[in-house]
Amino acid sequence: MTSPTHTTPVHNTPSDMTALRDAVATGTTTAESICAGMLAVTAERNTEINAFHEVFAEHALEAARRVDSDARAGRPLPPLAGMPIAIKDNVATTLGRTTCSSRMLENYRSPFDATAVERLAHAGAVVMGKTNMDEFAMGSSGEHCKWGPVRNPWDSTRVPGGSSAGSAAAVAGGMCAAAIGSDTGGSIRQPASFCGIVGLKPTYGRISRWGLVAFGSSLDQIGPMTRSVRDAALMLDVMSGIDERDSTTADRPPTELAKTVERPIEGLRVGIPRQYMSDANDTEVSAAVHAAADAYRALGATIVSVELPLTDVGISTYYVIAPAEASSNLARYDGIRYGHRAQLQPGEDLFTLYARSRSEGFGPEVQRRIMLGTYMLSSGYYDAYYKRALQVRRRIKQEFDQAFTACDVLLGPTAPTPAFGFGANSDPLAMYLCDVYTVNTNIAGICGVSIPAGFAERNGKHLPIGVQLQANAFEEDRLLRAARMLERALATTTGAHVARM
Amino acid sequence: MPDNPHSKTAALTTAQVAHVAKLARLEVAPGRIEEYRTQLAAVLGHIAQLDAVDLAGVEPMAHPFESHNRLAADIPVEGLSIEAVLMNAPAVEGRFLAVPKVLAEGD
Chain S
1 MTSPTHTTPV
11 HNTPSDMTAL
21 RDAVATGTTT
31 AESICAGMLA
41 VTAERNTEIN
51 AFHEVFAEHA
61 LEAARRVDSD
71 ARAGRPLPPL
81 AGMPIAIKDN
91 VATTLGRTTC
101 SSRMLENYRS
111 PFDATAVERL
121 AHAGAVVMGK
131 TNMDEFAMGS
141 SGEHCKWGPV
151 RNPWDSTRVP
161 GGSSAGSAAA
171 VAGGMCAAAI
181 GSDTGGSIRQ
191 PASFCGIVGL
201 KPTYGRISRW
211 GLVAFGSSLD
221 QIGPMTRSVR
231 DAALMLDVMS
241 GIDERDSTTA
251 DRPPTELAKT
261 VERPIEGLRV
271 GIPRQYMSDA
281 NDTEVSAAVH
291 AAADAYRALG
301 ATIVSVELPL
311 TDVGISTYYV
321 IAPAEASSNL
331 ARYDGIRYGH
341 RAQLQPGEDL
351 FTLYARSRSE
361 GFGPEVQRRI
371 MLGTYMLSSG
381 YYDAYYKRAL
391 QVRRRIKQEF
401 DQAFTACDVL
411 LGPTAPTPAF
421 GFGANSDPLA
431 MYLCDVYTVN
441 TNIAGICGVS
451 IPAGFAERNG
461 KHLPIGVQLQ
471 ANAFEEDRLL
481 RAARMLERAL
491 ATTTGAHVAR
501 M
Chain R
502 MPDNPHSKTA
512 ALTTAQVAHV
522 AKLARLEVAP
532 GRIEEYRTQL
542 AAVLGHIAQL
552 DAVDLAGVEP
562 MAHPFESHNR
572 LAADIPVEGL
582 SIEAVLMNAP
592 AVEGRFLAVP
602 KVLAEGD
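These protein sequence lines are chains S and R, in that order. Per our numbering, residue 1 is the first one in the first sequence, and the count goes up by one each step. Per our numbering, residue 502 is the first one in the second sequence, and the count goes up by one each step.
See the structure below:
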């Protein structure tokens, strides 16, 4: 370790959010000092890391002081009282702008808060700022951002992963207590893996998408990005539950996982899909999965081998469904009601206004996916691409259902590699292939979590490696309890990471 | 409807890319069409692996849970105010969104 600033993520405090929350509630510390500490780290590191696009320092400190005043007065504190939380910039907030890291929305101010943000605020959380992302959540590296690339706090010559790049980097960099991201094909879990934090993609329909800027409507989910599994449980408890404003939310009560997450599962059956242990994985990645399996065995769990033969086909399925849905969702950006509008020359018509506004407003990757989706939905190609992908989607779901008859959770890598360097996947298809282990979770609508499980050493730097657990739809209780068992066994709490440095 | 999308993929032409850009309301500079064609052809070539999956008798699945539409109670609720709707508009005239002339003279 040569430079502590580059290699000591979470150097502000080794505590997770639950511990910080308890410390505020018992008067051991104040919300204001926690918030001020994280703002100081942000001021010091954000210029380099570029996690935040906007930071609401005054707002955050004021909100923290209100919590402290409630605590002093002995009033009961809500579950996230005073916790500074970072919000991915595709989630609508009335504070600041909601830009999706795109020129298209560079000045967009939301007239409402997303349901998830509303629920976090209701639980006492402090909206600390908006985080940078791959434009419109299309990317796996954090490089395609109008506001400049985001850097990995563990090694600033490498990407933090994406698309929830800034949220992952802010949590890993000690700039906030926790964050929310969105996950359409791995956008929470892959950056969580690259940055050494916990990232949960809940079951489709668990958390309202009201206020989440739509990308792939049948795939998108908001989820927590945290320092520990119990923090993820706590945030899911706060954000989940039916919402009248999103008809796709599941008609189920909010989860209560913070109560059960510490309870190990007796007789847990962990399935390792044979297709996940590919030779294409980096050695350390496969080793981390084996070490996790050993840890489970030592805890009395049974390890079984399962088959998911369509694993590789997931990328193809995803890159039909997601662009098709995106091309439709992004049709709303027309330069008329909101968003970027091009300047026309005299005599130019409305068509030119639409097309020029869109091409000036969207970056190349977004335009690529819109064209891909438009092509696949166009006359003569719909059945060959879109309908076929939806049929494969059902087969993928059936494979998961079959696998879950033999096991409770699936274990495997989150990504085939640790964080890669800037520009390493400049070919779009190569970038897409990085998502091989995460896209099928969204395609089937089930839940998955990435937790830190080791390191790979590259050029003298320690790069985090995550392993992914998946469970069937609405099995987050099982998923997070199994994740907590592993987290405890591997001692990969954030404190242990710092200790290891 | 092509029987085999492979052949169409291999044949993806710059004219098709230009047509798709037009359908998608994108103004792609002529100098960039070939670059997009190459990239899109590579992705479509990869996606052709879907053809190898046996899908006999498999129904398409558009949504994870195939849930039925949930109807809200038929009670009026307050929508966004005109001010809130217009606050992000790139051009406004009074209470209206301003757009370039849509109809030509004599239409």
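Glycine residues also receive a C-beta, built at the ideal position from the N, C-alpha and C atoms.
Check: By alpha-carbon positions, which one of S:Gly139, S:Arg388 and S:Ala169 ends up nearest to Val150 (chain S)?; Outcome: S:Ala169
Check: Using Cβ-Cβ distances below 8 Å, what residues of the stretch 298-318 of chain S are close to chain R?; Outcome: Leu310, Asp312, Val313, Ile315, Ser316 and Thr317
Check: Which chain R residues are close to Arg393 (chain S), counting only those with a beta carbon under 7 Å from its beta carbon?; Outcome: Met562
Check: Which runs of the alpha helix (DSSP H) fall wholly inside the stretch 198-282 of chain S and span at least 4 residues, in chain order?; Outcome: 229-239
Check: Hey, is Asn90 (chain S)'s beta-carbon within less than 9 Å of any beta-carbon in chain R?; Outcome: no
Check: Our contact map puts Ile222 (chain S) next to Arg209 (chain S) with C-beta atoms below 8 Å; I'd like the distance itself, whole angstroms only.; Outcome: 7 Å
Check: Just by C-beta distance, which residues in the stretch 366-377 of chain S are closer than 7 Å to chain R?; Outcome: Gln367, Arg368, Ile370, Met371, Leu372, Thr374 and Tyr375
Check: Can a CB atom of chain S be found closer than 9 Å to the CB of Asp575 (chain R)?; Outcome: no
Check: Kindly list the residues whose CB is nearer than 8 Å to the CB of Ala25 (chain S), restricted to its own chain and excluding five residues on each side of it in sequence; keep chain order.; Outcome: Ala71, Leu77 and Ala81
Check: Using 8 Å as the cut-off, can you tell me whether the stretch 303-319 of chain S makes contact with the stretch 527-543 of chain R, which would need three or more C-beta pairs spanning the two stretches below that distance?; Outcome: no
Check: Let me know the secondary structure DSSP gives Gln468 (chain S) once reduced to three states.; Outcome: strand
Check: Using a threshold of 9 Å, state whether the C-beta atoms of Met128 (chain S) and Val55 (chain S) are closer than that.; Outcome: yes
Check: Using CA coordinates, which residue listed in S:Asp22, S:Glu325 and S:Arg341 is at the minimum distance from Lys369 (chain S)?; Outcome: The sequence shown places Arg at residue 369 (chain S), not Lys. Looking at the Cα atoms, S:Glu325 is the closest of the given residues.
Check: If you measure from the beta carbon of Pro506 (chain R) to each beta carbon in chain S, is any gap under 9 Å?; Outcome: Legend: pLDDT at Pro506 (chain R) = 45, less than 50; position of this residue unreliable, no value from coordinates given.
Check: If we ignore side chains and look at the alpha-carbon of each, how far apart do Arg388 (chain S) and Tyr375 (chain S) end up?; Outcome: 14 Å
Check: Using DSSP bridges, identify the partner residues of Glu594 (chain R).; Outcome: R:Phe597
Check: With DSSP run on the structure shown, which of helix, strand or coil describes Gly185 (chain S)?; Outcome: coil
Check: When the cut-off is 9 Å and only beta carbons count, does Ala516 (chain R) lie next to chain S?; Outcome: no
Check: Please confirm whether Gly339 (chain S) has its beta-carbon closer than 9 Å to some beta-carbon of chain R.; Outcome: yes
Check: With distances taken from CA atoms, which of S:Thr99, S:Ala63 and S:Ser15 is nearest Gly361 (chain S)?; Outcome: S:Thr99
Check: What are the start and end residues of the alpha helix (DSSP H) that includes Thr374 (chain S)?; Outcome: Pro364 to Leu377
Check: Mapping DSSP to helix, strand and coil, what is Gly37 (chain S)?; Outcome: helix
Check: For chain S, is any of its Cβ atoms less than 9 Å away from the one on Ile548 (chain R)?; Outcome: yes
Check: List the residues of chain R whose Cβ lies closer than 7 Å to the Cβ of Gly205 (chain S), in chain order.; Outcome: Phe566
Check: For Ile222 (chain S), would you say it is in contact with chain R, using Cβ-to-Cβ distances shorter than 9 Å as the test?; Outcome: no
Check: Report the three-state DSSP secondary structure of Ile451 (chain S) (helix, strand or coil).; Outcome: strand
Check: Determine, using beta carbons only, whether Gly211 (chain S) and Val117 (chain S) come nearer to each other than 9 Å.; Outcome: yes
Check: Can you tell me the Cβ-Cβ gap for Ala293 (chain S) and Ile272 (chain S), rounded? I've got them flagged as a contact below 8 Å.; Outcome: 6 Å
Check: So what's Arg488 (chain S) in DSSP terms, helix, strand or just coil?; Outcome: helix
Check: Would you give the residue range spanned by the beta strand (DSSP E) that Ile85 (chain S) belongs to?; Outcome: Pro84 to Lys88
Check: Beta-carbon of Lys509 (chain R) versus every beta-carbon of chain S: anything under 9 Å?; Outcome: At Lys509 (chain R), the pLDDT of 46 sits below 50, so the modelled position is not reliable and the matter cannot be decided from this model.
Check: Leaving out five residues on either side along the sequence, give the residues of the same chain with a beta carbon under 6 Å from the beta carbon of Asn472 (chain S).; Outcome: Phe404 and Ile446
Check: Give a yes or no on whether the minimum CB-CB distance between Arg356 (chain S) and chain R is below 9 Å.; Outcome: yes
Check: Could you give the distance in angstroms between the alpha-carbon of Ala519 (chain R) and the alpha-carbon of Ile534 (chain R)?; Outcome: 7 Å
Check: For Ala585 (chain R), which residues in chain S fall below 9 Å Cβ to Cβ?; Outcome: Pro111 and Phe112
Check: Between S:Leu490, S:Ala298, S:Ser156 and S:Met104, which lies nearest to Trp147 (chain S) when the distance is taken from Cα to Cα?; Outcome: S:Met104
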